[in-house]
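Chemist: Residues 910 to 1139 in the working numbering are what the sequence shown lists, from first letter to last.
Got a structure for you, written out below as structure tokens; questions coming shortly.
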Amino acid sequence: MALAALERLPVLPMSSVVLVPGMVLPLNVSGPAERDLVDFIREHDQHLGVPLLRAQERGANGKPAFEAVFGLGRMLLHTPLADGRRVIRLEGVGRVRLLHEHPSRRSFREVAAAPLPDPQPPDPQGLAVLRAQLERIAAHGGAYELALTTALAIPEAPAFLDAVTICLPCLELLGRKGRVVIDDFTDRTTHLQQQSLAAESADQRVALLCARASAALARFRDRSPPRLTN
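In structure tokens form, the structure reads like this:
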């Protein structure tokens, strides 16, 4: 992607989604502004930003505020439906940081953003601890085993940490007992994913992910299945 495209990047802020590099995100687009955004990126370079909204916060322009670090997505698939809706699929291809939001001139929001490179490689010992924790979790089997095994097969540290970040909702659910309230659970896991995405160093990401893997392992002492409720 050309850096010039980040000077006026369309964004689609969302309340419960953190777009992580390597993640594939399907979306059902129905609103007029969102349809305009899809048409725009189809005619240009297929890229848009997907920032996480900050609940109940407003920016200086009066519009809903969103996180300064967010995922950059590339549209892989676009399928128009007879009722005007669009089904699209985005691939997370990088991280960017908000510089400022442009005054509105279209029906969707546009920002200036700067690319964030991969941080320096993490401490090998911390990375080894995280891998060992995930191997222990995967050994328990279950629906999460394939996702964790796939992540563990990634040799490059940045891509591996991205894959584990994508798996965070799974890690947070493992071993929980009793009732899990969906809205609270979603808020918590998206917050953790945002923390990992926005971490200033790879070691910070490793520390966060190790803490969540350790908590999941501790919950295996009582493996009565959780019950999701609205």
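Just so it is clear, CB atoms sit at the ideal spot from N, CA and C, and this is done for glycine as well.
Starting from Leu-1070, follow the beta strand (DSSP E) in both directions and report where the run begins and ends.
Modeler: As a first step, residue 1070 is located in the sequence shown; it is residue number 161 there, counting from the start. From DSSP, Leu-1070 is part of no beta strand (DSSP E) but of the alpha helix (DSSP H) over 1066-1075.
Chemist: Considering only the alpha carbon of each residue, which of Ala-1127, Asp-945, Gln-1104, Arg-1128 lies closest to Pro-1118?
Modeler: If you number the sequence shown from 1, residue 1118 lands on position 209. Position check: residue 1118 holds Leu in this sequence, whereas Pro was assumed. The residue with the shortest Cα to Cα distance from Leu-1118 is Gln-1104.
Chemist: Taking one C-beta from the region 924-940 and one from the region 991-1010 each time, how about it: are there three or more such pairs within less than 8 Å?
Modeler: Yes, the region 924-940 touches the region 991-1010.
Chemist: Only counting the same chain, and skipping five residues up and downstream in sequence, which positions put a Cβ closer than 6 Å to that of Leu-1070?
Modeler: Locating residue 1070 in the sequence shown gives position 161, where the first residue counts as 1. Hits under 6 Å: Arg-1114.
Chemist: Should Glu-966 be labelled buried (16 or more other beta-carbon atoms within 10 Å of its own) or exposed?
Modeler: Here residue 966 corresponds to residue number 57 of the sequence shown, with the count starting at 1. With fewer than 16 other Cβ atoms within 10 Å, it is exposed.
Chemist: Do Phe-979 and Pro-919 have their C-beta atoms closer together than 8 Å?
Modeler: Along the sequence shown, one-based indexing puts residue 979 at 70. Along the sequence shown, one-based indexing puts residue 919 at 10. No.
Chemist: Out of Ala-1066, Glu-1054, Ile-1046, which has the shortest C-alpha to C-alpha gap to Pro-1030?
Modeler: Numbered from 1 along the sequence shown, position 121 holds the residue referred to as residue 1030. Checked all of Ala-1066, Glu-1054, Ile-1046; the closest Cα to Pro-1030 is Ala-1066.
Chemist: Mapping the DSSP letters down to three states, classify Ile-997 as helix, strand or coil.
Modeler: What you label residue 997 is simply residue 88 of the sequence shown in a count that begins at 1. Here Ile-997 sits in strand by DSSP.
Chemist: Could you check where the alpha helix (DSSP H) with Val-1038 kicks off and where it finishes?
Modeler: Translated into the one-based positions of the sequence shown, residue 1038 becomes position 129. Unbroken alpha helix (DSSP H) run through Val-1038: 1033-1048.
Chemist: Along the chain, where does the beta strand (DSSP E) containing Val-959 start, and where does it finish?
Modeler: Numbered from its first residue, the sequence shown carries residue 959 at position 50. Segment 956-959, the beta strand (DSSP E) holding Val-959.
Chemist: Is His-1009 closer than 8 Å to Arg-917 when the C-beta atoms are compared?
Modeler: By one-based count along the sequence shown, residue 917 stands at place 8. By one-based count along the sequence shown, residue 1009 stands at place 100. Not a contact, by the Cβ cut-off of 8 Å.
Chemist: Roughly how many whole angstroms lie between the Cα atoms of Ala-1048 and Ala-1072?
Modeler: Along the sequence shown, one-based indexing puts residue 1048 at 139. Along the sequence shown, one-based indexing puts residue 1072 at 163. Rounded to the nearest angstrom, the two C-alpha atoms are 18 Å apart.
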